[in-house]
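*Asks:* Residue numbers (the numbering used here): 313 to 1215.
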Ligand code: PEP
Ligand code: MG
């Protein structure tokens, strides 16, 4: 087994296609080396070694020898030697999993600096201060990553070793009257390093290893161990990254961005990751090392004019300070983007006017950037439509449909402060200062905003639970910004006016103190922060031309029709604007809760006899006709599937005593008699009780009234030259005879209305397929219907025997113990419920090849389920209006996967 893959001098053992083996970072370092891009030489220890280590708790026998051989080659390439006292080579050790996990795994820089090698490096660089600064950084990173985190030591919140070391640094600065780190002298730094070591020894109970080989192996082992650290596991669970993947370790010659004013470091994107605009975008810091930009300890400068934000418009750009280097960097980013045909996120270091690339990877972007980049790359002939469609995911579309702050209300609000706009949209929430609080407040149903100085991977669970994230430090590429952008979460970073006290749970800004629980509002698109709450407003996608183009592209590819589940004309219009091609489910029950109607509904339910019932129900006819008229008109000429009354009747009955008295007096009966009638309707298992088509069978006048209302509305619209297309749907059918019973009533009403109004019209009659028995007997049912609409909510309920209303009580246990991998009411259970669905489709189409088949359960808006319905040859899916664009895209992606042959 080959453990080590070397990259040096324009030639690498691996390439970009070796991601599984070398991790993303290692594979791309190899690829860049092969492309002739300047990369400091190094080697990657493969993910297989990680798996071996995880399984056996030790390394493969020959690993030490192989690392030694690789080091010899790197020494030669650099004309230096690791551990040598006169001409020491320093190394970085970084992790790199198959999929980028920002900040999750660890980095140690400057490995190889020891009391033995320090004098040699000072002689060589003639810069004692630089060497001790590098040593200080090594001690800090090593103590934090290797000696604390990888060793599994859990420090109390805010008392980790890094924090203690930082406090020591601050103490020294105060006692010396120094403001900035750069004013520290080499003597200051030497003292600091010794104090650091003592602090490490007393806090972690171990000595910092002043030996090059121990540092190297400590670093390598820490990377492997951190794969199974708490934070890495938490991130993997959220992102569904399998545990078996493991991480690779990259060991690379150090280059220094902190060697003076001709040195620098930076992070950049080949296109703007917030807007998607095709302009090179990034941040840099002069005379700084590696993680300074990402860690958010100093607020970086913009790379060029295009990277300037209003908050930092007076900062120096790289293209003005080092124009030649900037041109080279620009050429490299262009080359990389053309090569990978994808937006790149790059890290670079400039050492004494020499440019080195340290990383390239696919850049994380927010939703609007993802859409714009995908669309523009097709227009630039860089990628084809299939690739573009696969580049945008459901969450990104969801994000661009996220609410923004109401502009008028925002204009009126008092600005508290502002920072960098790191994550889109607007959010209001109550302030919390720790990730754990964010999580527990969220669990209690509160909306929270997590406020921190800067975030770290330890905070991801709290960031996930928050509406928004606000930090006082950091740039657009800081941890908070990267993670928030990845999730499409509202986020503002680098809000330098904020003074955050985590301990006191308060923040001070411009003389105003806010405490835990106070409300805050954030505009993540502009970077503005306001006290209190500001209303949010719906997003207007109509202005987003890239979104429209992407949707058109999706429509060209998809085979599935997309309908919507709505029961009002307003929502029907909203859904149409999102691209719905009809209504797949119009639930009629909500219509009866209107105060003008509920009393007739209740009278109908508690009626003693048929006559009383008919009288009450016919009072509802004009109301229902008005409802259907509005909806059919809003959707014409698209079809509207109207479902007959479905829920158990007791849901409509009064609960409060004054409502009871009111109804009793309306009916002219005593409250006691009314109570008795209501008691008679009580069911132990209403979800399996008197509901669905069973209502229309017991009380045919309900079906008759609803059918008449639908058809009278249809006829009226036709007389008004509209093109209504009603589809009447019978719910909860388990056997064909139930359907036949209902269909007779529906057809009779249609015939009557056409005659009475002398207006012929088209309509369809079909059924929900939402019971296992309906799937099993779909061949019988299909002969009598024109369409099937799968009700996967009830089908999931009745297949699993899980009450859809009570699953919350036990689902968390099921997920935690991996008895279920996901909530089956969210994403269809393909192995169980899916088999019944397939059976229903095959049996149905077997006898009725014109049978139209749709789905109107919640799964109709879930991308994975949509892929399943596509494969199962459905005609359409139906979902809530806001999921319609997601469904359009998911349906196109399903077809792209289908034609690409890897479904
Ligand atoms: C279903 O059961 O999937 C369905 C769409 O109907 P409802 O959710 O109204 O029961
Ligand atoms: Mg149902």
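C-beta atoms are modelled at their ideal positions from N, C-alpha and C, and glycine is treated no differently. Here the structure is a predicted model, which is why all the values come from computation and not from measurement.
Pick out the complete alpha helix (DSSP H) segments inside the stretch 935 to 980, 4 residues or longer, and give them in chain order.
*Replies:* Correct list: 969 to 979.
*Asks:* In whole angstroms, what is the alpha-carbon distance linking residue 976 and residue 917?
*Replies:* One-based indexing of the chain shown puts residue 976 at position 664. One-based indexing of the chain shown puts residue 917 at position 605. Those two C-alpha atoms are separated by around 13 Å.
*Asks:* Taking 7 Å as the cut-off, does the CB of residue 901 come closer than this to any heavy atom belonging to ligand 2?
*Replies:* Reading the chain shown from its first residue, position 589 is the one you call residue 901. The answer is no for residue 901.
*Asks:* On the three-state DSSP scale, how would you describe residue 386?
*Replies:* The count along the chain shown starts at 1 and reaches residue 386 at position 74. If DSSP states are grouped into helix, strand and coil, residue 386 belongs with the helices.
*Asks:* Using 8 Å as the cut-off, can you tell me whether the stretch 1064 to 1074 makes contact with the stretch 1137 to 1144, which would need three or more C-beta pairs spanning the two stretches below that distance?
*Replies:* No: fewer than three Cβ pairs fall under 8 Å.
*Asks:* State the DSSP-derived secondary structure class of residue 907, mapped to helix, strand or coil.
*Replies:* Your numbering for residue 907 matches position 595 in the chain shown. Residue 907: helix per DSSP, three-state reduction.
*Asks:* For residue 803, report the span of its beta strand (DSSP E) as first-last.
*Replies:* To locate residue 803, count along the chain shown from 1; it is residue 491. Its beta strand (DSSP E) spans residues 802 to 805.
*Asks:* If I'm right that residue 345 touches residue 317 with Cβ under 8 Å, what's the distance once you round it to whole angstroms?
*Replies:* Mapped onto the chain shown, residue 345 falls at position 33. Mapped onto the chain shown, residue 317 falls at position 5. The pair is not a contact, with the Cβ atoms about 11 Å apart (cut-off 8 Å).
*Asks:* Excluding the five sequence neighbours on either side, which residues of its own chain have a C-beta within less than 7 Å of the C-beta of residue 430, listed in chain order?
*Replies:* Within the chain shown, residue 430 is the residue found at index 118, counting from 1. Hits under 7 Å: 443 and 447.
*Asks:* On the DSSP letters alone, give me the boundaries of the alpha helix (DSSP H) that residue 747 sits inside.
*Replies:* Your numbering for residue 747 matches position 435 in the chain shown. Segment 747 to 755, the alpha helix (DSSP H) holding residue 747.
*Asks:* I want to check one thing, is the minimum distance from the CB of residue 1050 to the heavy atoms of ligand 2 below 7 Å?
*Replies:* Here residue 1050 is taken as the residue at index 738 of the chain shown, counted from 1. No, ligand 2 has no heavy atom inside 7 Å of this Cβ.
*Asks:* Would you mind giving the Cβ-Cβ distance between residue 713 and residue 1194, rounded to the nearest angstrom? I have them listed as a contact below 8 Å.
*Replies:* By one-based count along the chain shown, residue 713 stands at place 401. By one-based count along the chain shown, residue 1194 stands at place 882. So it is a contact: roughly 6 Å between Cβ atoms.
*Asks:* Please find out if some non-hydrogen atom of ligand 4 comes closer than 7 Å to the beta-carbon of residue 1046.
*Replies:* Among the ligands in the structure shown, ligand 4 does not appear; only ligand 1 and ligand 2 can be found there.
*Asks:* Excluding the 5 residues flanking residue 843 on each side, which residues of the same chain have their C-beta closer than 6 Å to its C-beta?
*Replies:* In the chain shown, the residue the question calls residue 843 occupies position 531. Hits under 6 Å: 728.
*Asks:* Within this structure, are the beta carbons of residue 956 and residue 894 separated by less than 8 Å?
*Replies:* Start at 1 with the first residue of the chain shown, and residue 956 comes out as number 644. Start at 1 with the first residue of the chain shown, and residue 894 comes out as number 582. Against a cut-off of 8 Å, the Cβ pair of residue 894 and residue 956 comes out as no contact.
*Asks:* From what residue to what residue does the beta strand (DSSP E) around residue 781 run?
*Replies:* Counted from its first residue, the chain shown places residue 781 at position 469. From DSSP, the beta strand (DSSP E) with residue 781 extends over 780 to 783.
*Asks:* Is it buried or exposed, residue 1056, if we count other Cβ atoms within 10 angstroms and call 16 or more buried?
*Replies:* Working through the chain shown from its first residue, we reach residue 1056 at position 744. Under this definition residue 1056 is an exposed residue.
*Asks:* Cutting at 8 Å between CB atoms, please list the residues of its own chain near residue 516, excluding the five before and the five after it.
*Replies:* For the purposes of this step, residue 516 is taken as the residue at position 204 of the chain shown. 455, 459, 460, 463, 465 and 473.
*Asks:* Thinking C-alpha only, which one of 986, 1095 and 579 is nearest residue 1049?
*Replies:* For this step, residue 1049 is matched to residue 737 along the chain shown. Checking every option, the nearest Cα to that of residue 1049 belongs to 1095.
*Asks:* Under 8 Å: do the stretch 587 to 599 and the stretch 678 to 698 share three or more Cβ pairs, one atom per stretch?
*Replies:* Yes, the stretch 587 to 599 is in contact with the stretch 678 to 698.
*Asks:* If you measure from each residue's Cβ to the nearest non-hydrogen atom of ligand 1, which ones come out under 6 Å, in chain order?
*Replies:* Those satisfying the condition are, in chain order, 897, 899, 958, 1082, 1103, 1104, 1105, 1106, 1168 and 1169.
*Asks:* Please confirm whether any heavy atom of ligand 2 lies closer than 7 Å to the CB of residue 1080.
*Replies:* The count along the chain shown starts at 1 and reaches residue 1080 at position 768. Flag set: Cβ of residue 1080 near ligand 2.
*Asks:* Is any non-hydrogen atom of ligand 2 found closer than 7 Å to the C-beta of residue 960, if you look at the structure I gave you?
*Replies:* Taking the first residue of the chain shown as position 1, residue 960 is located at position 648. Every heavy atom of ligand 2 is 7 Å or more from the Cβ of residue 960, so no.
*Asks:* Looking at the structure shown, is residue 1151 part of a helix, part of a strand, or coil, going by DSSP?
*Replies:* Translated into the one-based positions of the chain shown, residue 1151 becomes position 839. In this structure, residue 1151 counts as helix in the three-state DSSP scheme.
*Asks:* Assuming residue 575 and residue 495 form a contact by the criterion Cβ under 8 Å, report the distance between their Cβ atoms to the nearest whole angstrom.
*Replies:* Start at 1 with the first residue of the chain shown, and residue 575 comes out as number 263. Start at 1 with the first residue of the chain shown, and residue 495 comes out as number 183. About 18 Å; that fails the 8 Å criterion.
*Asks:* Using DSSP's beta-bridge definition, name the partner residues of residue 1041.
*Replies:* Stepping through the chain shown from its first residue, residue 1041 is reached at position 729. According to DSSP, residue 1041 bridges with 955 and 1078.
*Asks:* By DSSP, does residue 1028 sit in helix, in strand, or in coil?
*Replies:* What you label residue 1028 is simply residue 716 of the chain shown in a count that begins at 1. Note: residue 1028 maps to helix in three-state DSSP.
*Asks:* I need the boundaries of the alpha helix (DSSP H) containing residue 481, first residue and last residue.
*Replies:* For this step, residue 481 is matched to residue 169 along the chain shown. Start and end: 473 to 488.
*Asks:* By how many angstroms is the C-alpha of residue 1196 removed from the C-alpha of residue 1208?
*Replies:* As a working note, residue 1208 is residue 896 in the chain shown. As a working note, residue 1196 is residue 884 in the chain shown. Distance between the alpha carbons of residue 1208 and residue 1196 is about 18 Å.
*Asks:* If you reduce the DSSP assignment to three classes, tell me which class residue 1114 lands in.
*Replies:* On the chain shown, residue 1114 is found 802 positions in, with the first residue counted as 1. Residue 1114 falls in the coil class under three-state DSSP.
*Asks:* Specify, as a first and last residue, the run of the alpha helix (DSSP H) that residue 571 falls within.
*Replies:* Within the chain shown, numbered from 1, the residue matching residue 571 stands at position 259. Here residue 571 belongs to no alpha helix (DSSP H), and DSSP marks it neither H nor E.
*Asks:* With a threshold of 8 Å on Cβ separation, who are the neighbours of residue 1010 within its own chain once the five nearest residues in sequence on each side are excluded?
*Replies:* On the chain shown, residue 1010 is found 698 positions in, with the first residue counted as 1. Around residue 1010: 1002.
*Asks:* In this structure, how does DSSP classify residue 1096 when only helix, strand and coil are distinguished?
*Replies:* Translated into the one-based positions of the chain shown, residue 1096 becomes position 784. Coil.
*Asks:* Confirm the yes/no value for this check: CB of residue 715, any heavy atom of ligand 2, distance under 7 Å.
*Replies:* For this step, residue 715 is matched to residue 403 along the chain shown. Every heavy atom of ligand 2 is 7 Å or more from the Cβ of residue 715, so no.
*Asks:* How many angstroms separate the CA atom of residue 514 from the CA atom of residue 468?
*Replies:* As a first step, residue 514 must be located in the chain shown, where it is residue number 202. As a first step, residue 468 must be located in the chain shown, where it is residue number 156. If you take the alpha carbons of residue 514 and residue 468, they lie about 16 Å apart.
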